[in-house]
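Numbering (the numbering used here), first residue to last: 3 to 445. Using N, Cα and C, we set each Cβ at its ideal position, and we do this for glycine too. Note that the coordinates shown come from a computational prediction; the quantities given were computed from them, not determined experimentally.
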RNA sequence: GUGGCUGUAGCUCAAUUGGUUAGAGUACCAGACUGUGGAUCUGGGUGUUGGGGGUUCGAGUCCCCUCAGCCACCCCA
């Protein structure tokens with residue numbers, strides 16, 4: 003007897019059975035389609051990079067989460083932690099052939115050795131898109147529009163894209179003489195939704211060494227609420243005297259005017275309290291929340307950065323982009339009942355009942371597939387009741403009933419597996435009528 | 001990484017404060033209804049009680065370690 007190895011998966015790593023993978027792939031396909039519609043081109047990079055490429059890019063915290071080890075050639079290597087650092091390396095390496103602006107999307111798995119929690123894993127998928135090599139606000143605008151189109155294409159109506167601009171925050175900090183403590187201050191500010199404004203004030207004193215008065219001034223920025231125009235007006239007053247801050251407000255105003263013209267205006271809101279954890283953002287920042295499930299956090303976030311590839315090249319590469327949080331979004335859709343438990347990607351099912359007619363079944367299935375219809379042909383001529391039971395459980399929507407009687411009379415039956423209704427359709431060489439009826443039933 | 005909670009068939013849970021072959025519903029598989037699924041009926045337990053070790057005459061119940069899940073911190077998608 004051979005010893006049985008317990009089948010198991012590592013902490014934070016998951017299997018994806020069909021009913022999980024089907025909606026997952028659907029969202030990925032939607033993301034690719036939307037990105038492509040704006041001209042973003044696909045790239046891929048290796049999962050494994052030299053450690054020195056990936057280490058030290060996101061602070062000590064992310065270094066601790068980096069999966070790193072020596073390979074068989076004793077090189078120090080690491081699994082990619084995100085798709086942004088590999089993008090920087092990629093562009094620095096291939097800059098000459100790419101030309102700018104360079105727009106790319108990248109859907110790929112990344113790894114982080116952090117502690118797990120619901121919706122947080124050690125292996126997960128990121129769906130990034132970025133425009134590199136331009137400082138123009140038009141690229142910021144387009145980024146917001148992509149997020150908007152993407153959520154709508156996935157099937158969301160109620161969502162808010164919160165926008166902000168790091169220049170406003172930094173400008174205010176300049177005015178207050180606190181710019182050198184920007185990082186801990188922003189980190190505290192980012193928590194305002196969770197710990198409240200008083201909590202933020204306290205944490206700023208503790209973590210960044212501000213006086214209470216200074217903290218109150220910073221927080222004042224984020225207490226601005228209301229219509230975008232009012233908030234802009236308020237921000238303008240707060241950053242007066244800081245050229246950087248004024249520039250940030252002007253950019254934000256310009257961006258909002260543009261997106262409100264090109265997309266649904268109610269989807270965009272200014273929120274001066276969002277800061278994003280990452281240090282490298284320098285301009286526009288985006289976070290997206292679902293109206294129905296704000297508690298789940300941002301499902302699509304990003305921002306503008308000034309110098310993406312500074313570590314890899316002297317060439318200055320400003321850019322802007324965002325990333326769809328696929329796993330978080332799927333968790334939300336699951337909770338909102340937006341995912342049907344289908345276990346088959348093929349809507350039509352063709353039971354196999356007359357063995358002598360096998361090749362005719364195969365031919366019909368081929369014609370339907372050529373017309374773009376997904377058809378599963380059952381591999382054994384088992385009893386019809388068992389085949390229909392199988393089709394029902396898998397979630398097929400229509401069964402094409404075709405037995406000896408139908409072959410004789412030149413007709414087949416299309417059975418809707420949800421309602422049980424069936425219609426009679428003529429069998430033709432080009433299956434034109436079957437195709438038309440199937441399309442109608444699957445709409 | 002730190003702290004806390006949890007862990008019994010695929011799923012939801014039982015098992016008299018340690019007592020002998022671990023049960024139920026549901027799901028699943030096979031069949032009844034010989035060309036119509038979701039219903040009903042019949043049959044099947046499918047489990048190293050997450051894993052390992054210890055205490056004990058005896059452990060699903062107690063102790064230790066480990067693995068995994070959840071929650072908080074941290075950070076973030």
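Straight-line CA distance for residue 227 to residue 273?
Approximately 8 Å between the Cα atoms of the pair.
Please state the DSSP three-state secondary structure of residue 417.
strand
According to the Cβ coordinates, are residue 112 and residue 128 closer than 9 Å?
Yes.
Three or more C-beta pairs below 8 Å linking the stretch 146 to 164 and the stretch 35 to 49
Judged by Cβ distances under 8 Å, the stretch 146 to 164 makes contact with the stretch 35 to 49, as three or more pairs qualify.
Kindly provide the ranges of any beta strand (DSSP E) runs that are 3 or more residues long and lie completely inside the stretch 51 to 122, ordered along the chain.
70 to 72, 78 to 81 and 104 to 113
Separation of residue 435 from residue 441, as counted between CA atoms
So the alpha carbons of these two residues sit roughly 10 Å apart.
Residue 190 vs residue 215 beta-carbon contact at 9 Å:
no
Under 9 Å, do residue 104 and residue 133 count as touching if we go by C-beta distance?
Yes, the pair counts as a contact, with Cβ atoms nearer than the cut-off.
Report yes if the CB atom of residue 249 is closer than 9 Å to the CB atom of residue 169, and no otherwise.
Yes; because the gap between Cβ atoms is below 9 Å, this pair is in contact.
Span separating the alpha-carbon of residue 158 from that of residue 290:
Cα atoms of residue 158 and residue 290: separation of roughly 12 Å, rounded to the nearest angstrom.
Taking the alpha-carbon positions, what's the residue 381 to residue 362 distance?
The alpha-carbon atoms of residue 381 and residue 362 are separated by roughly 14 Å.
Can you tell me the Cα-Cα spacing of residue 307 and residue 71, whole angstroms?
When rounded, the distance between both Cα atoms is 30 Å.
So, with DSSP's three-state summary, where would you put residue 3?
Because the pLDDT of residue 3 is 42, which lies under 50, any placement of that residue in the model is unreliable, and the number read from its coordinates should be weighed accordingly. Of the three classes helix, strand and coil, the one that applies to residue 3 here is coil, per DSSP.
Where does residue 137 sit, in a helix, a strand or coil, going by DSSP?
coil
Output yes or no for whether 9 Å exceeds the beta carbon distance between residue 364 and residue 400.
no
Excluding sequence positions up to five away, which residues of its chain have a Cβ less than 8 Å from the Cβ of residue 409?
The residues are 356, 359, 362 and 429.
For the beta strand (DSSP E) holding residue 291, just list the boundary residues, first then last.
283 to 292
For residue 424, does the three-state DSSP call read helix, strand or coil?
strand
Which residues in the same chain have their Cβ closer than 7 Å to the Cβ of residue 347, if we skip the five residues on either side of it in sequence?
24 and 376
Spatial distance of residue 390 from residue 437 (CA atoms):
Cα-Cα distance, rounded: 21 Å.
Where does residue 165 sit, in a helix, a strand or coil, going by DSSP?
Three-state DSSP puts residue 165 in a strand.
Does the distance from the C-beta atom of residue 126 to that of residue 404 stay below 9 Å?
no
8 Å CB neighbourhood of residue 142 in its chain, flanking five on each side removed:
253, 257, 285, 286, 306 and 322
With residue 301 as the anchor, note down where its beta strand (DSSP E) starts and where it stops.
Where residue 301 is concerned, there is no enclosing beta strand (DSSP E), given that its DSSP letter is neither H nor E.
Could you tell me the alpha carbon to alpha carbon distance between residue 370 and residue 326, rounded to whole angstroms?
35 Å
Does DSSP put residue 349 in a helix, a strand or coil?
coil
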